[in-house]
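Asker: Input: one structure, supplied below.
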Ligand code: SIN
């Protein structure tokens, strides 16, 4: 449905997928709640009642907790945004999303969409009927960002709290705090309130085409490495000879030698092996042995996003580690 406001207000397509931003507990004092309860129509009514100024078109893509996001929802989201990118009647797109997997959805869209119109993901940490609900504030901030033409050319953005993060940098770093997201290596790319937006620097991806094609993703396992891990334990996690493996490695993507031997065997059969880190953040740089081993270094990408990029590269027919490394290196 479209809801009119002033003619100069930005025309924003809002694609709702659920999450805590649309969640309800039924009682302000309850600890538990259900994500994905409020429909997008009711949500946009509330936004207008608060004076959030935009011409909204709302569409309900799903109403789920984001742990249940899947290929069919990603595919619908992508198709809607792809259409909106070419629709002269739409200035920007906002996706409301659960925070648990927001970084994966944001990065998938970031890799597969051109950077010609603002695309902003927004979520919340407290359900809509909680004391101190953060969702409407975050939504108002997202509208402020999406409505700014300067938001284009920065890839997909994630708004949480009063911070704007780039999809490539952002990760969920807290289970409960309302400032639950951090960026690495850039902490954030702007500070926002409903009435003010300050960018830290110029857009860096102006009019860039999509980096990769949106295609069905193959299953890529994460190998969770730990001290004392045996080759047998690693093999158990890698059953079925997957086309790619992301290593949640120790420190800067390290692993015990028996695990390295297992990964070498997989790399030699043509599997794309990516070394990432189980630490909270930090670079995983290439090491001299990566060339001989045929391994890729995840660089600044954390494990969930390294997995997303690996799957998308494989979907696009890129399994060569040297070619794959370029996609991990770029910003
Ligand atoms: C979810 O990811 O759907 C639940 C958690 C949240 O949105 O904060």
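Residue numbers (this note's numbering): 40 to 370.
Glycine included, C-beta positions come from ideal geometry on N, C-alpha and C.
1) My output table needs one value for residue 232: the three-state DSSP class, helix, strand or coil.
2) In chain order, which continuous runs of the beta strand (DSSP E) of length 3 or greater are located wholly inside the segment 171-240?
3) Could you tell me which residues DSSP pairs with residue 315 in its beta bridges?
4) If you draw a straight line from the C-alpha of residue 269 to the C-alpha of residue 295, how long is it?
5) Applying the 10 Å Cβ sphere with the 16-neighbour rule, what's the burial state of residue 299?
6) Evaluate contact between the segment 50-70 and the segment 92-110, counting only Cβ atoms and requiring at least three cross-stretch pairs below 8 Å.
7) With respect to the alpha helix (DSSP H) encompassing residue 332, which residues constitute its N-terminal and C-terminal limits?
8) To which residues of the same chain is residue 43 closer than 7 Å at the C-beta, ignoring the five residues directly before and after it?
9) Please state whether the Cβ-Cβ distance between residue 273 and residue 197 is less than 8 Å.
10) Which stretch, first to last residue, makes up the alpha helix (DSSP H) that contains residue 259?
11) Less than 7 Å between the CB of residue 74 and some heavy atom of the ligand SIN, yes or no?
12) Among residues of its own chain, excluding the 5 on either side of residue 263, which ones have a beta-carbon nearer than 8 Å to its beta-carbon?
13) In chain order, what residues of the same chain lie with their CB nearer than 7 Å to the CB of residue 239, ignoring the 5 residues before and after it?
14) Among 246, 206, 82, which residue has its Cα nearest to the Cα of residue 155?
15) Thinking just about the alpha-carbon of each residue, which of 83, 134, 139, 325 is nearest to the one in residue 214?
16) Output needed for residue 341: all residues of its chain with C-beta closer than 6 Å, excluding positions within five of it in sequence on either side, in chain order.
17) Count the CB pairs spanning the segment 114-132 and the segment 72-79 that are closer than 8 Å, and state whether there are at least three.
18) Taking 6 Å as the limit between beta carbons, can you name the residues of its chain near residue 103, skipping five residues before and five after?
19) Would residue 337 pass as a contact of residue 292 if the rule is Cβ separation under 8 Å?
20) Going by CA-CA distance only, name the one from 89, 66, 352 that's closest to residue 256.
21) Could you check if residue 142 is buried or exposed, using at least 16 other CB atoms within 10 Å of its CB as the buried criterion?
22) Alpha carbons only, please: which of 354, 134, 363, 172 is nearest the one belonging to residue 334?
23) Can you check whether the CB of residue 131 is closer than 8 Å to the CB of residue 186?
24) Assuming residue 160 and residue 136 are in contact, meaning their beta carbons sit under 8 Å apart, how far apart are those beta carbons, in whole angstroms?
25) May I ask you to report which of helix, strand or coil DSSP gives residue 135?
Answerer: If we stick to the structure as given:
1) strand
2) The beta strand (DSSP E) runs lying completely inside the segment 171-240 and spanning 3 residues or more are 196-199, 202-205, 209-211, 220-222, 229-232, 235-238, given in chain order.
3) 287
4) So the alpha carbons of these two residues sit roughly 8 Å apart.
5) That one is buried.
6) yes
7) 328-332
8) A caution first: residue 43 carries a pLDDT of 49, below 50, which makes its placement in the model unreliable, though a value can still be read off. 94.
9) no
10) Unbroken run through residue 259: none, as it is neither H nor E.
11) yes
12) 276, 287, 317
13) Once the five neighbours on either side are set aside, the close Cβ partners of residue 239 are 228, 229.
14) Per the Cα distances, 246.
15) The residue with the shortest Cα to Cα distance from residue 214 is 139.
16) 210
17) no
18) The answer, listed in chain order, is 57, 75.
19) In this structure, residue 337 lies near residue 292, with their beta-carbon atoms less than 8 Å apart.
20) 352
21) By the neighbour-count rule (16 or more Cβ atoms within 10 Å), residue 142 is buried.
22) 363
23) Against a cut-off of 8 Å, the Cβ pair of residue 131 and residue 186 comes out as a contact.
24) 5 Å
25) Strand.
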